[in-house]
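Chemist: Pasting a structure below so you can have a look.
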Amino acid sequence: MSRQKSQRIAFAILTILAVIVVVPIVLVVAYIVVQGIGAINWEFLTTFPHHGMKEGGILPAIVGTVVLTFGTAIVSIPIAVGAAIYLAEYARDTWLTRAIRLAIINLAGIPSVVYGLFGLGLFVLSLRLGTSIVAGSLTLGLMTLPVVISTAEEALLAVPQRFRVVSRSLGATRWQTVRQLVLPNALPGILTGIILGLERAAGETAPILFTAAAFYLPQLPRSPLDQTMALPYHLYVISTQVPGMPLQVQYGTALVLLILVLSMNVVATMIRSRFRRRRQW
Amino acid sequence: MVAKISIHHLTFRYNDTVALRDVTLDIPANEITVIFGPSHAGKSTLLRCLNRLNDLIENEETEMTGQILLDGQDIYGPTVDVTELRRRVGMVFALPIPLPLTIYENVVYGLRMQGESRKELLDARVEQSLRQAALWDEVKDRLYEPAMRLSGGQQQRLCLARILALEPEVILLDNPTSGLDPLSTAKVESSLAELKAHYTIVMVPHSVQQAARIADLAVFLLNGQLVEMGSAEQIFTRPRDRRTEDYITGRFG
Ligand SMILES: Nc1ncnc2c1ncn2[C@@H]1O[C@H](COP(=O)(O)OP(=O)(O)OP(=O)(O)O)[C@@H](O)[C@H]1O
Ligand SMILES: [Mg+2]
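Order-wise, the sequence lines are chains A and B.
Counting along the first sequence from 1, when you hit position 7 you're at 300 in my numbering, and nothing is skipped either side.
Counting along the second sequence from 1, when you hit position 125 you're at 128 in my numbering, and nothing is skipped either side.
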């Protein structure tokens, strides 16, 4: 077989594979949009559910998810970025750092329901935080740590070593080099990692199931120690626990969650591509 | 002759490679000392020892024995502040490495790291050091553009200016004209000749010709050993060692 021919065949196979990957995603999104778009209007987004959730809107679930995502960010960003800086800039290759990296990889593979049970045991019961926004945020924060640490570490390591050497040779300390040079240049990559982590947290049901989520609340949460409704859990509830639920409301809720998550994704992509254009090395 | 830097029995090893063997030499203040020799002679290693840049090597085992004194003080002594040492002994690398910042910020980087933030002082230092590096006229209208947009030759002079802005005592230059056209090379050489009144300059030259043009004192290294050193005039016209003579007449290397 000629080289051109095998090249064409390989290209064709790869194209088909790519299409196979993309088609179901497009179908799922399109299906949800078609089924759910009719439910979405101003009232749906800004009022409480009523009549056994069959009518009204999903405001408390939207607010709850936003609040939980925010809480997750507060918990995970400082720890994850700190850990990534330590691993990328300070830690030498020792058994300890190898163990830490291994642990991070393994943590990323743990099913989210296990995080939920862990959060129940530690935050809700042992630390007596109860079923609350705090407990849910801590649980979600813990779950997002591995992905944020890994992407942030990668972003830091992508800043060329020669810049660090130059900075040090100009009399900068290690910390000054990290602070002034490495961190600003790695920031877009770190932000992307953070958004991807938060995006996953926003869509998860299992971790908040036992730690934060309420079936129904007649008012918005007032303090971090209150329970909250949340979109993914609400979706689960109205899809499985409420008989006679109108399909359109279910798909409408799914669509809102999807839009929330996808828009975070779009922001991440925009940050990345803007940075690629501006990058100077 | 007052020695600004005294090197005593310096031996340096990377893993299994001995890069410097028992090198002893004095570097005088306010002169240009040129360290020349074939590839692998250990020239860069020697320069890096002088401001402890070899300390930053992480993935290899390195070992140094011997002593390096700056103004009579051991720079590897336990009480030495390495950051401070690197401000006093600045290095310009073979390949220009501008930081991903503006031209202005590249020049003031070291000063900012010392905590200097007075605008007038920084502005003045930028102009002064860019002039010293023979770059001011070319960049004075584009100080706030990314330094990466400069040509290779301009970048190299920027790196020189960046060191000069710190007003170091010693300037180490590792083949600073490697990527430069003859005109830029001439500019750099003439600014070095002016600068030596205020600084101690140690340079690895691009070629024997350059060494002969610019050196006051010349040191010939071969396979990590110091073969011969002396005034440039003597080394390049009446070398004592056969190996030096072979090298400068192009018979080897
Ligand atoms: N980071 C390093 N790790 C391992 N060995 C090194 C390292 N740097 C230099 N060496 C070795 O040390 C010896 C001296 O190298 P050095 O770079 O000092 O030579 P040089 O005289 O500057 O050569 P050139 O003219 O090619 O720049 C060489 O054998 C080189 O392979
Ligand atoms: Mg070299």
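Note that CB positions come from ideal geometry on N, CA and C, so glycine has one too.
Using the beta-carbon of each residue, find all residues closer than 7 Å to any heavy atom of ligand 2 and list them in chain order.
Modeler: Per the Cβ criterion, the list is Lys-46(B), Ser-47(B), Ala-97(B), Asp-177(B), Asn-178(B) and Val-207(B).
Chemist: Can you tell me which of Gly-80(B), Arg-134(B), Arg-16(B) and Ala-168(B) puts its alpha carbon nearest to the alpha carbon of Ala-44(B)?
Modeler: Numbered from its first residue, the second sequence carries residue 44(B) at position 41. For Ala-44(B), the nearest C-alpha among the options comes from Arg-16(B).
Chemist: Tell me the rounded alpha-carbon separation between Gly-256(B) and Ala-401(A).
Modeler: As a working note, residue 256(B) is residue 253 in the second sequence. As a working note, residue 401(A) is residue 108 in the first sequence. Caution is warranted here: a pLDDT of 48 is assigned to Gly-256(B), below 50, making its placement in the model unreliable, and the coordinate value is therefore given only provisionally. When rounded, the distance between both Cα atoms is 55 Å.
Chemist: Across the segment 395 to 415 of chain A and the segment 454 to 468 of chain A, are there enough close Cβ pairs to call them in contact, namely three or more that are closer than 8 Å?
Modeler: no
Chemist: Can you grab the Cα-Cα spacing for the pair Ile-501(A) / Thr-562(A), in whole Å?
Modeler: Taking the first sequence and counting its residues from 1, one reaches residue 501(A) at position 208. Taking the first sequence and counting its residues from 1, one reaches residue 562(A) at position 269. The straight-line gap from Cα to Cα measures roughly 27 Å.
Chemist: Mind pulling the beta strand (DSSP E) runs of 3 or more residues that sit fully within the segment 178 to 233 of chain B?
Modeler: 203 to 207 and 220 to 225
Chemist: DSSP three-state label for Leu-11(B), please.
Modeler: As a first step, residue 11(B) is located in the second sequence; it is residue number 8 there, counting from the start. Here residue 11(B) is His; the residue named in the question, Leu, does not match the sequence. Looking at His-11(B) - three-state DSSP - the assignment turns out to be strand.
Chemist: What residue ranges within the segment 16 to 53 of chain B form continuous beta strand (DSSP E) runs of no fewer than 3 residues, ordered along the chain?
Modeler: 20 to 31 and 35 to 39
Chemist: What separation, rounded to the nearest whole angstrom, lies between the Cα atoms of Glu-492(A) and Thr-339(A)?
Modeler: Here residue 492(A) corresponds to residue number 199 of the first sequence, with the count starting at 1. Here residue 339(A) corresponds to residue number 46 of the first sequence, with the count starting at 1. CA-to-CA, the gap between Glu-492(A) and Thr-339(A) works out to about 22 Å.
Chemist: Against chain B, with Cβ distances strictly below 8 Å, would Arg-461(A) count as a contact?
Modeler: Within the first sequence, residue 461(A) is the residue found at index 168, counting from 1. Chain B contact via Cβ: present.
Chemist: Residues in the same chain with beta-carbon distance under 8 Å from Glu-236(B), minus the five sequence neighbours each way, listed in chain order, please.
Modeler: The residue given as residue 236(B) occupies position 233 in the second sequence. Excluding residues within five positions, none has a Cβ falling inside 8 Å.
Chemist: For Val-549(A) and Ile-355(A), which I take to be in contact (beta-carbon distance under 8 Å), what is that distance rounded to the nearest angstrom?
Modeler: To locate residue 549(A), count along the first sequence from 1; it is residue 256. To locate residue 355(A), count along the first sequence from 1; it is residue 62. Sure, about 7 Å apart at Cβ, within 8 Å.
Chemist: Kindly list the residues whose CB is nearer than 7 Å to the CB of Gly-545(A), restricted to its own chain and excluding five residues on each side of it in sequence; keep chain order.
Modeler: Position 252 of the first sequence holds residue 545(A). Within the same chain, Gly-545(A) has close Cβ partners Gly-329, Ala-332, Ile-333 and Phe-337.
Chemist: When the cut-off is 8 Å and only beta carbons count, does Gly-113(B) lie next to chain D?
Modeler: Looking for chain D here will not work: the only protein chains present are A and B.
Chemist: By the 10 Å Cβ neighbour count, where 16 or more other Cβ atoms means buried, how is Asn-399(A) classified, buried or exposed?
Modeler: For the purposes of this step, residue 399(A) is identified with residue 106 of the first sequence, where counting begins at 1. It is exposed - the Cβ of Asn-399(A) has fewer than 16 other Cβ atoms within 10 Å.
Chemist: So, for Phe-341(A): in the same chain, excluding its five sequence neighbours on each side, which residues have a beta-carbon less than 8 Å away from its beta-carbon?
Modeler: As a position in the first sequence, residue 341(A) is number 48, starting the count at 1. Excluding positions up to five away in sequence, the list reads Gly-349, Gly-350, Leu-352, Pro-353 and Pro-511.
Chemist: Say yes only if the C-beta of His-209(B) is nearer than 7 Å to one or more non-hydrogen atoms of ligand 1, and no if none qualify.
Modeler: As a first step, residue 209(B) must be located in the second sequence, where it is residue number 206. His-209(B) has its Cβ no nearer than 7 Å to any heavy atom of ligand 1.
Chemist: Exposed or buried, what is Arg-55(B) when buried is set at 16 or more other beta-carbons lying within 10 Å of its beta-carbon?
Modeler: Counting from 1 along the second sequence, the entry for residue 55(B) is found at position 52. Flag for Arg-55(B) reads buried.
Chemist: Could you run through the segment 472 to 496 of chain A and flag, in chain order, every residue whose CB is less than 8 Å away from some CB of chain B?
Modeler: Listed in sequence order: Gln-473, Leu-474 and Asn-478.
Chemist: The alpha helix (DSSP H) with Thr-358(A) in it runs from where to where?
Modeler: As a first step, residue 358(A) must be located in the first sequence, where it is residue number 65. Element bounds for Thr-358(A): 352 to 378.
Chemist: Kindly indicate which three-state DSSP category Thr-339(A) falls into: helix, strand or coil?
Modeler: Position 46 of the first sequence, counting from 1, holds the residue named residue 339(A). Note: Thr-339(A) maps to helix in three-state DSSP.
Chemist: May I have the straight-line CA-CA distance separating Val-312(A) from Ile-302(A), to the nearest angstrom?
Modeler: Within the first sequence, numbered from 1, the residue matching residue 312(A) stands at position 19. Within the first sequence, numbered from 1, the residue matching residue 302(A) stands at position 9. For Val-312(A) and Ile-302(A), the distance between alpha carbons rounds to 15 Å.
Chemist: Go ahead and pull the three-state DSSP assignment for Val-314(A).
Modeler: Against the first sequence, residue 314(A) aligns to sequence position 21. It is helical.
Chemist: For Pro-453(A) and Val-191(B), what's the separation of their Cα atoms in angstroms?
Modeler: The count along the first sequence starts at 1 and reaches residue 453(A) at position 160. The count along the second sequence starts at 1 and reaches residue 191(B) at position 188. Approximately 27 Å between the Cα atoms of the pair.
Chemist: Of the residues that make up the segment 89 to 103 of chain B, which ones have a beta carbon closer than 7 Å to any beta carbon in chain A?
Modeler: Here the close residues are Arg-89, Arg-90, Met-94, Ile-100, Leu-102 and Pro-103.
Chemist: Quick one: what's got a C-beta closer than 7 Å to Val-5(B)'s C-beta in the same chain, skipping five residues either side?
Modeler: Working through the second sequence from its first residue, we reach residue 5(B) at position 2. Only Pro-31 and Ala-32 meet the Cβ criterion.
Chemist: Let's see if you can read the secondary structure: which residues bound the alpha helix (DSSP H) around Glu-66(B)?
Modeler: Residue 66(B) sits at position 63 when you count from the first residue of the second sequence. Segment 65 to 73 is the beta strand (DSSP E) holding Glu-66(B); no alpha helix (DSSP H) there.
Chemist: Assuming Met-563(A) is part of the alpha helix (DSSP H), what are its boundary residues?
Modeler: Counting from 1 along the first sequence, the entry for residue 563(A) is found at position 270. Per DSSP, Met-563(A) belongs to the alpha helix (DSSP H) from 540 to 571.
Chemist: Helix, strand or coil, according to DSSP, for Leu-104(B) in the structure here?
Modeler: Counted from its first residue, the second sequence places residue 104(B) at position 101. Assignment of Leu-104(B) by DSSP, reduced to helix, strand and coil, places it in the coil class.
Chemist: For a contact meaning CB atoms closer than 9 Å, what does Glu-61(B) contact in chain A?
Modeler: Numbered from its first residue, the second sequence carries residue 61(B) at position 58. Within chain A, the residues near Glu-61(B) are Arg-385 and Asp-386.
Chemist: With distances taken between CB atoms, is the gap from Val-440(A) to Gly-490(A) smaller than 8 Å?
Modeler: Numbered from 1 along the first sequence, position 147 holds the residue referred to as residue 440(A). Numbered from 1 along the first sequence, position 197 holds the residue referred to as residue 490(A). The answer is yes: Cβ separation under 8 Å.
Chemist: Gly-490(A) by DSSP, collapsed to three states: which one?
Modeler: Here residue 490(A) is taken as the residue at index 197 of the first sequence, counted from 1. Gly-490(A): helix per DSSP, three-state reduction.
Chemist: Compare the C-beta of Phe-568(A) against all C-beta atoms of chain B and say whether one is closer than 8 Å.
Modeler: The residue given as residue 568(A) occupies position 275 in the first sequence. For Phe-568(A), the answer is no, since every Cβ of chain B falls outside 8 Å of its Cβ.
Chemist: Are there three or more Cβ pairs, one per stretch, closer than 8 Å when the segment 470 to 489 of chain A is compared with the segment 304 to 324 of chain A?
Modeler: no
Chemist: On a Cα-Cα basis, can you pick out the residue from Leu-176(B), Gln-212(B), Ala-215(B) and Val-211(B) that is closest to Leu-198(B)?
Modeler: Indexing the second sequence from 1 puts residue 198(B) at position 195. Leu-198(B) has its Cα closest to that of Leu-176(B), out of Leu-176(B), Gln-212(B), Ala-215(B) and Val-211(B).
Chemist: Should Glu-63(B) be listed as close to ligand 1, given that the test is whether its C-beta is under 7 Å from any heavy atom?
Modeler: Numbered from 1 along the second sequence, position 60 holds the residue referred to as residue 63(B). Result yes, Cβ under 7 Å from ligand 1.
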